[in-house]
Amino acid sequence: MLQFKLLNLLPKIDLSITLNPIACNRCVIAIEEIYEFKQLCIQTETTVRNLQQDVIKEELQTDNIKVEPSNLQIIGDNFLKISKNVRVCIDDSSKIELHYCYNCNFNTNKKTILIQHLQVRHTGRKPFNCNICDYCCTTKSKLKIHMRRHSGEKPYKCNLCDYCSTQIQQLKRHMRKHTGEKPFKCDICDYSCTTKSYLKIHMRTHTSEKPFKCNICDYCSSQIQQLKRHMYKHTGENPFKCNLCDYSCTTKSYLKMHMHTHTSEKPFKCNICDYCCSMKSKLKIHMLKHTGEKPYKCNMCDYCSSQIQQLKRHMHKHTGEKPFKCNICDYSCTTKSYLKIHMRTHTSEKPFKCNICDYCSSQIQQLKRHMYKHTGENPFKCNICDYSCTTESYLKIHTRTHTSEKPFKCNVCDYCCTIKSKLKIHMRKHTGEKPYKCKICDYCSSQIQQLKRHMHKHTGEKPFKCNICNYCSNQMANLKKHIHKHNGDKPFKCNICDYCCTTKSDLKMHISRHTDIKPFKCTICDYCCNTKSYLKIHIRTHTIEKPFKCNICDYCSNQMTNLKRHMYKHSGEKTFKCNICDYCCSIKPYLKIHMRTHTGEKPFKCNVCNHGCNQLANLKKHMRKHAAEKLFKCNICDYCYNTKSDLRVHMRMHTGE
């Protein structure tokens, strides 16, 4: 520090001179006194010049500037006090004059810059005040630039585009966008930028320095602007307001992005595909799809992403943290956006509306998927087969059919699946949870789709219509089955026999006949079967429940198919006709049995004798002869038979019919 002060006092400085670091106390005191004297002279001279400049009218009107009155008497007293101890004269004829700050290592060849440095860094004085707002600063030039915010003046214009600015430095930075120049380079990585301040902020990513701290909570940041935005959370302030709607936000950039929603402007365009967007950051993320780059990597697993926000969300899976909680129910989630979407389930708000039909949704992504129905577009394509779909997540699920990957496993049984939502539904089988309840009857289900199908029974709605005939159904699966009748398509084939069918569930049921596996068992009797629906029908024989009722007569049944057959009696309709004889019937199975009379086919064989039948019911009757079992008993006398038809004939003897 002594060397800096001494160099500042020398009349002529040869920068190659090496000074002796050893000095006596008398010399040190003399140098200190002379240095303080010179600095006071410089400060006094600057104050006088500022007062002179205030008298002269310049471009900025004098009535917009307030200069704090300098205490000239104090400065003069200090000047006289120090000047009494000055022993060395100062020669102003130096060729090179360096001015050193006596508080830090700062030096400059301009006295005015040193004065500004002292005012800003060490005294904290800001003598130039704006008379419109509370702004104050250290220099007149800064105040002049600030006043342009109030006047709207932007004198510095780009000669290549429409950009204009209040500051020449901002224009210089802007010009680098046209030239592509990035003069400031990081000496640790390949980062380069257009301004020194950007480089300074970037360097903090290497040092992990976060000098800007919130005085209310533990938040700290590497950028002052981020801290300012954070403070708005505590104050609740949204200073930037849209002049077209009620939107307000915390930053100018957010407001600028919002304005694009009114103008539909998408200035940022991809040079590879037709993608365009309203934000440069979105375009940057989009470009990573073309390059395949995923720079953000998880340090706990192999996950990597093209977006920092996606990585942050992923990290919550490892920590189990769900910081965003609903104040109405127990719901909690990993992101603020998920919570916002969830809150709409309580408010029933659906702000996203289709401009073609009446569809509206609580999520923008759902609306985008819906729009593909109108356009017929399937932008996500499988690179192995011809499959295409409307969302990236659907494509990801489809790809697992090629890899046979089933990453979601049940921790109770051996069940595993390709989708997390399926595992969630499966777990409800173990827990018995049925969260979806009908508000009309007692029906409840583990799946929202099942509840929706159930609601069609109450409303009578059949939204799924065949575009070939008048058929309509309350389930999409039923419509798909029906469509196969028109095109004769039976895509599901048995790999043991020649059987083929229209649905996967029918094939599954058929396969169980080959294996003799009957996993569904009755808890009351020994009955077991190969499908859950058959077990459900059987249970009704114990409960005497007959939920399917005819709306014409008193007939009721425990099976829907029985009711359908019964309805043909009222309508007299016999749609199934034999192409060999005049036989016709109301249901397809009857026609199938009839055709065996022409072919002589008897597929049902007795395992005791060689007897064969063309119907399973006839084989059951025959088997009772071997068992000597007579199940059908007369309730008037002790007579019993092994068939229901024989008992019916016997009953006519009692009734005289």
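All residue numbers for the sequence shown refer to UniProt numbering, where the first residue is 1 and numbers rise by one.
The beta-carbon is built from N, C-alpha and C at its ideal position, and this holds for glycine as well.
Classify Ser-141 as helix, strand or coil using the three-state DSSP reduction. helix
Can you check which of these residues, Asp-162, Lys-154, Cys-277 and Arg-565, is closest to Ile-168 by C-alpha distance? Lys-154
Give the straight-line distance between the Cα atoms of Thr-531 and Leu-507, rounded to the nearest whole angstrom. 12 Å
Report, in whole angstroms, the separation of the C-beta atoms of Ser-222 and Glu-209, which I expect to be a contact under 8 Å. 6 Å
Are the CB atoms of Tyr-415 and His-426 within a distance shorter than 7 Å? yes
Delimiting residues of the beta strand (DSSP E) encompassing Asn-383: Where Asn-383 is concerned, there is no enclosing beta strand (DSSP E), given that its DSSP letter is neither H nor E.
To which residues of the same chain is Ser-332 closer than 6 Å at the C-beta, ignoring the five residues directly before and after it? Lys-322 and Lys-325
So Asn-129 is in the beta strand (DSSP E); what residue range does that whole segment cover? 128 to 130
Exposed or buried, which one is His-402 when buried takes at least 16 other CB atoms within 10 Å? exposed
Count the C-beta pairs between the segment 519 to 534 and the segment 544 to 555 that are closer than 8 Å, then say yes if the count reaches three, no if not. no
Nearest residue (CA-CA) to Gly-460, options Asn-474, Gln-449, Ile-468 and Ile-448: Asn-474
Let me confirm a value: Lys-644 is counted as buried when at least 16 other C-beta atoms fall within 10 Å, else exposed. Which label applies? exposed
May I ask you to report which of helix, strand or coil DSSP gives Thr-159? Note that residue 159 is Asn in the sequence shown, not Thr. Here Asn-159 sits in coil by DSSP.
Mind reading off the beta-carbon distance from Arg-428 to Lys-422? Whole number of angstroms is fine, and I expect it under 8 Å. Going by Cβ atoms, the distance from Arg-428 to Lys-422 rounds to 11 Å, so no, they are not a contact pair.
Find the nearest neighbour of Lys-373 within the set Gly-180, Thr-390, Thr-334 and Lys-381, judged by alpha-carbon distance. Thr-390
Please classify Lys-66: does DSSP put it in a helix, a strand, or coil? For Lys-66, the predicted model reports a pLDDT of 44, less than 50, meaning its position is unreliable and no value from the coordinates is stated.
Please list the segments of the alpha helix (DSSP H) lying wholly inside the UniProt domain "C2H2-type" (268 to 295), counting only runs of 4 or more residues, in order along the chain. 280 to 291
The alpha helix (DSSP H) enclosing Arg-565, as first and last residue numbers: 560 to 571
Buried or exposed by the 16-neighbour rule on C-beta atoms within 10 Å, applied to Pro-267: exposed
Just to confirm the assignment, what range does the alpha helix (DSSP H) spanning Pro-589 have? 588 to 599
Sequence-distant residues of the same chain with beta carbon closer than 6 Å to Cys-304, five excluded per side: Lys-294 and Lys-297
Measure from the alpha carbon of Lys-336 to the alpha carbon of each residue in Met-231, Lys-605 and Arg-313, then state which is nearest. Arg-313
Segments assigned beta strand (DSSP E), at least 3 residues, entirely inside the segment 210 to 247: none
Measure the Cβ-Cβ separation of Cys-640 and His-622 and say whether it is below 7 Å. no
Can you tell me which of Tyr-534, Thr-291 and Gly-152 puts its alpha carbon nearest to the alpha carbon of Met-560? Tyr-534
Based on Cα-Cα distance, which residue from Met-371, Lys-396 and Lys-368 lies nearest to Lys-381? Lys-396
From the DSSP output, in three-state form, read off Lys-439 for me. coil
Same chain only: Cβ atoms within 7 Å of Thr-399, ignoring 5 sequence neighbours per side: Cys-382
Here's a check: name, in chain order, each residue in its chain whose Cβ is nearer than 6 Å to the Cβ of Cys-585, leaving out the five neighbours to either side. Lys-574, Phe-576 and Leu-591
Is the CB-CB distance between Lys-368 and Cys-360 below 7 Å? no
Pair within 7 Å by beta-carbon distance, residue 678 and Leu-244: This structure gives no information on residue 678, because the portion of the chain shown stretches from 1 to 657.
Candidates Ser-248, Gln-225 and Gln-226, of which the one nearest Gly-236 by Cα: Ser-248
Distance between Thr-431 and Asn-411 (C-alpha atoms, nearest Å): 12 Å
With DSSP collapsed to three states, give me the class of Asn-618. helix
Which whole runs of the alpha helix (DSSP H) in the UniProt domain "C2H2-type" (352 to 379) are 4 residues long or more, in chain order? 364 to 375
Beta-carbon contacts of Lys-177 that lie in its chain and below 6 Å, excluding the five residues immediately before and after: none
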